[in-house]
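Residue 8 is where the sequence shown starts when you use the working numbering, and the numbers rise one by one after that.
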Amino acid sequence: MKQIARCIRRINGKRDGARRIGGEKRRAENAEQQQESKRGGFSHWIQADKNNRGPAAGATVPGLRAHECYDARVPAKKTRGRFITIEGLDGCGKSTQLGKLASVLRKDGINVLETREPGGTPTGERIRSVLLDSRTAGLSPRAEMALMFGARAQHVDEVILPALAEGTWVLCDRFTDSTEAYQGGGRKLGSAPVLALHKILCHNLQPDLTILMLSDVEASVARARRRNQQRVPSVALATGSQPADENRFEQESRAFFQRVAAAYKAIAKREPERVFAADARPAPDIVHREIVAAVRGRLMGGKGTSAQ
Ligand code: TMP
Numbered sequence: 008m009k010q011i012a013r014c015i016r017r018i019n020g021k022r023d024g025a026r027r028i029g030g031e032k033r034r035a036e037n038a039e040q041q042q043e044s045k046r047g048g049f050s051h052w053i054q055a056d057k058n059n060r061g062p063a064a065g066a067t068v069p070g071l072r073a074h075e076c077y078d079a080r081v082p083a084k085k086t087r088g089r090f091i092t093i094e095g096l097d098g099c100g101k102s103t104q105l106g107k108l109a110s111v112l113r114k115d116g117i118n119v120l121e122t123r124e125p126g127g128t129p130t131g132e133r134i135r136s137v138l139l140d141s142r143t144a145g146l147s148p149r150a151e152m153a154l155m156f157g158a159r160a161q162h163v164d165e166v167i168l169p170a171l172a173e174g175t176w177v178l179c180d181r182f183t184d185s186t187e188a189y190q191g192g193g194r195k196l197g198s199a200p201v202l203a204l205h206k207i208l209c210h211n212l213q214p215d216l217t218i219l220m221l222s223d224v225e226a227s228v229a230r231a232r233r234r235n236q237q238r239v240p241s242v243a244l245a246t247g248s249q250p251a252d253e254n255r256f257e258q259e260s261r262a263f264f265q266r267v268a269a270a271y272k273a274i275a276k277r278e279p280e281r282v283f284a285a286d287a288r289p290a291p292d293i294v295h296r297e298i299v300a301a302v303r304g305r306l307m308g309g310k311g312t313s314a315q
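Here's what the structure looks like:
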């Protein structure tokens, strides 16, 4: 318990610095947006027709080619959505927290997409069932890592990037930090191949904010095991056949999960400006308030309605 508290203090100690970095980044983005709107959309050059369908038919605009005139009808640049990931050990309560955060952001009028890994696309969900099913025996650590990235590459291209481009905020239950913690740490493949594959396959896409839920290893894994046992499909119980499940990782040893937890802490220490470490042990509502405060402080300049 004391160890987790110490670790959270150490990791979050640099939060103020992170806010400053966030502030500079925002100022730079604002300046860029102002420049963009000055150049922007060429709208000050173009006479829209009375139905606001862009340049009047036959209008010519000095220095512009046709497709540029067409481009000028759409806003110069939509504000990109924010990408938030949530990480932690199995059973730490991250999915609950993701749902609660999504409701708060929606109340603020933000378009939110909740998604998860492995999964998030039809192909990714099929890969998920192979990866998590305890009937998948003898999968090598490298094959496991490759499948995680197969699902992720599809997820990034099919869902995450298009949503962010539309201005939607994407809340993702696990992302590449999970691969670094579970395959890099738990399976002992190391961080280097994970980060290299992320660059090659996922455009090196970085979350704007990662919420890392720090929990007791034993308590989390016991909770995940209980939860997954309750999910045994009734058809399988009736027929006595071995059902598909999501138990493969929960069967790992205590030492495996200790390595996963250590890898997560190392990531948080390496990237304090991106990773917010939350104490996952208090009641869900208390954890929720802490998470909402971090999101508002780091991504919204402290604005927004209350954490309900
Ligand atoms: P969850 O969606 O219930 O958290 O389960 C996903 C499981 O998959 C969990 O045990 C962690 C594991 N996992 C990895 O090992 N590597 C990864 O890259 C991801 C996304 C998940």
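Each residue gets a CB set at the ideal place from its N, CA and C atoms; glycine is no exception.
None of the values given here were measured: they were computed from a predicted structure.
An exposed status is given to L146, since fewer than 16 other beta-carbon atoms sit within 10 Å of its beta-carbon.
Under the 8 angstroms Cβ criterion, the stretch 155–164 does not count as touching the stretch 270–278, having fewer than three qualifying pairs. Taken in chain order, the complete beta strand (DSSP E) segments of 3 or more residues contained in the stretch 83–152 are 90–95 and 119–123.
Counting along the chain, the unbroken beta strand (DSSP E) around V177 starts and ends at W176 to D180.
The three-state secondary structure of M220, taken from DSSP, is strand. Within the same chain, T183 and N211 come within 7 angstroms of H205 by CB-CB distance, once the 5 residues on both sides are set aside. In this structure, DSSP gives D252 a state outside helix and strand, which the three-state scheme calls coil. For the set G88, W176 and E132, the Cα lying nearest the Cα of E121 is the one of W176. L221 and A287 do touch by the CB rule: their CB atoms are close to 6 angstroms apart, below 8 angstroms. Listed in chain order, the non-local C-beta contacts of G131 below 7 angstroms within the same chain comprise P125, A158, Q161 and H162, local neighbours out to five positions each way being set aside. Here A287 carries a coil assignment [DSSP, helix/strand/coil]. Your pair G174 and T86 checks out as a contact, with CB atoms roughly 6 angstroms apart and the cut at 8 angstroms. Burial of R89 is indicated by the presence of at least 16 other C-beta atoms within 10 angstroms of its C-beta. Straight-line spacing of the CA atoms in V228 and V267 works out to 12 angstroms. A distance below 6 angstroms between beta-carbons, with the five flanking residues on each side excluded, links G311 to the following residues of its chain, in chain order: D115 and R303.
Closer than 7 angstroms to some heavy atom of the ligand TMP: that describes the Cβ of M155. L108 is positioned such that its CB atom lies closer than 8 angstroms to that of L178. In this structure, A285 and I218 form a Cβ contact; the two beta carbons are roughly 6 angstroms apart against a cut-off of 8 angstroms. Taking every protein chain shown into account, the CB of A269 has fewer than 16 other CB atoms within 10 angstroms, so this residue is exposed. For S198, the enclosing alpha helix (DSSP H) begins and ends at S198 to L208. Within a 10 Å sphere around the beta-carbon of S185 sit 16 or more other beta-carbons, which makes this residue buried.
Per DSSP, the unbroken alpha helix (DSSP H) holding P169 starts and ends at L168 to A172. In terms of side-chain proximity, the C-beta atom of S110 is found no nearer than 7 angstroms to any non-hydrogen atom of the ligand TMP. Residue burial annotation: P214 is buried, with at least 16 other C-beta atoms found within 10 angstroms of its C-beta. If you draw a straight line from the Cα of V111 to the Cα of D180, it comes to about 17 angstroms.
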